[in-house]
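Undergrad: What follows is a structure written as C-alpha cells; I'll ask about it next.
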Amino acid sequence: MKITNKLILFITLLFNVLVFGQVGINTSSPKATMDVNAKRANLDGTGAIDNAQTLGLLAPRLTRAELTGNTATYGANQAGALIYVTDVSGGDTLATRANVTAIGYYYFDSGANLWKAIGSGGGALTATYGLTNPTPTSIGIVDPIRFIYTPSISISTTLIQNGQTLNIYNEYVKQFSGTGNSPLVKNATTENATIPVYDARYFDFYITAYDTSVFANVSITDNGLLTYDVTGTASACSFMNIVMVLRKLPRP
-18 MKITNKLILF ITLLFNVLVF GQVGINTSSP KATMDVNAKR ANLDGTGAID
32 NAQTLGLLAP RLTRAELTGN TATYGANQAG ALIYVTDVSG GDTLATRANV
82 TAIGYYYFDS GANLWKAIGS GGGALTATYG LTNPTPTSIG IVDPIRFIYT
132 PSISISTTLI QNGQTLNIYN EYVKQFSGTG NSPLVKNATT ENATIPVYDA
182 RYFDFYITAY DTSVFANVSI TDNGLLTYDV TGTASACSFM NIVMVLRKLP
232 RP
C-alpha cells in the first residue's frame, strides 16, 4: 500500500510540472510559453509541411456593433488583448472604440483606454488642408497627433456686424456624412462605405490663422460654435483656417 501511495504522488507531481510548462501545438519541443507551428511530417516541427492544412491563427472575431454592446470592463489586465473587427456599419466610435473605424485587427491599449488598430501607429487620419483656401487640396498622414482641417465652407461676411456665428461641427458632419447640400461622391472600390464621423466631445477646436482685416473677436466653443465680428470687406484672398484635433478621451 505504501508503494502505491508513493507512485500516485510521483505521477501527480509530474503531471503538475507538465501543466505549468511550455505548450506546443504541432511541435513536441516548444520554444516559448505558447509555440504554434504549421503541421509538418515530424512531431518536433521539422520535415515537409502539410499543404492541405488551413494555416493561420484566429483572434476573436466580432462586429463593431457587438463590440459596442460588450459590457466587460477592460483595464491593465487586458493590455494587449487582440480582436478582429469584421464589420463597422453598426455600433459607434465612443469611449474605447474611438479608433474602431475600419475592418481589421485591434489591440487594447490600457494606458490610453482605447482599442487601437494594428499597424496604424495609433490610428493615423487623413488631414485635408484648407477652409476657404482656393489652392488644390493637399493630403497627408498625421501621426501620432490626429487632426482634420475642416472642409471648405462659406463664412458670411456680407454685413459689417458683430457677434456672427457659425457651427463648425455641424458643417463638418454635413460634409463628411453626405447630408449637406451636395451628396457624398466616392470611388467605386473605397474600403469604407462612409467617412467616420466623430462626436463633438472627441474634438478640440483650434483657429490657427484668419484674415485680421476682415475678422475680429474670433472664438470657438467646445461644441464647435464659431463666433466672430466682421470688421472689413472680404476679398477673394480672405481666409480662416480651423483645425479639429481628435482627443484620446472625450470631454464629459
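Numbered according to my numbering, the sequence shown spans residues -18 to 233. Ideal placement from N, C-alpha and C gives every residue a C-beta, glycine not left out.
#1: Around the C-beta of GLU172, are 16 or more other C-beta atoms found within 10 angstroms, so that it is buried, or is it exposed?
#2: Quick one: residues in its chain with C-beta nearer than 6 Å to the C-beta of THR212, no 5 flanking neighbours on either side, listed in chain order?
#3: Tell me ALA46's beta-bridge partners as DSSP assigns them.
#4: Going along the chain, which unbroken runs of the beta strand (DSSP E) with 3 or more residues stay wholly within the stretch 49 to 86?
#5: Which class does LYS155 belong to by DSSP, given the choice of helix, strand or coil?
#6: From ARG228 to THR202, what distance separates their C-alpha atoms?
#7: What would DSSP say about ALA174, mapped onto helix, strand or coil?
#8: If PRO177 and THR74 are in contact, beta carbons under 8 Å, what's the gap, nearest whole angstrom?
#9: Buried or exposed: which applies to ALA33, given that a residue is buried once 16 or more other Cβ atoms fall within 10 Å of its Cβ?
#10: Whether or not the stretch 56 to 70 and the stretch 159 to 170 are in contact is what I'm after, with contact meaning three or more pairs of Cβ atoms, one per stretch, closer than 8 Å; do they touch?
#11: Alpha carbon to alpha carbon, what distance is there between LEU165 and MET221?
#12: Does the contact criterion of 3 or more C-beta pairs under 8 Å hold for the stretch 41 to 55 versus the stretch 22 to 30?
TA: According to the data block:
#1: For the purposes of this step, residue 172 is taken as residue 191 along the sequence shown, with counting starting at 1. When all chains shown are included, GLU172 counts as exposed.
#2: Residue 212 sits at position 231 when you count from the first residue of the sequence shown. Counting only Cβ-Cβ distances below 6 Å, and skipping sequence neighbours, we find ALA197.
#3: In the sequence shown, residue 46 corresponds to position 65, counting from 1. Under DSSP, ALA46 shares a beta bridge with no residue.
#4: 63 to 66
#5: Along the sequence shown, read from residue 1 onward, the residue named residue 155 stands at position 174. Three-state result, LYS155: helix.
#6: As a working note, residue 228 is residue 247 in the sequence shown. As a working note, residue 202 is residue 221 in the sequence shown. Those two C-alpha atoms are separated by around 15 Å.
#7: Sequence index remark: in the sequence shown, residue 174 carries index 193 (1-based). Correct three-state label for ALA174: coil.
#8: Taking the sequence shown and counting its residues from 1, the one referred to as residue 177 is at position 196. Taking the sequence shown and counting its residues from 1, the one referred to as residue 74 is at position 93. The Cβ separation is near 6 Å, so the contact holds.
#9: On the sequence shown, residue 33 is found 52 positions in, with the first residue counted as 1. Exposed, because fewer than 16 other Cβ atoms sit within 10 Å of the Cβ of ALA33.
#10: no
#11: Position 240 of the sequence shown, counted from the first residue, corresponds to residue 221. Position 184 of the sequence shown, counted from the first residue, corresponds to residue 165. The alpha-carbon atoms of MET221 and LEU165 are separated by roughly 24 Å.
#12: no
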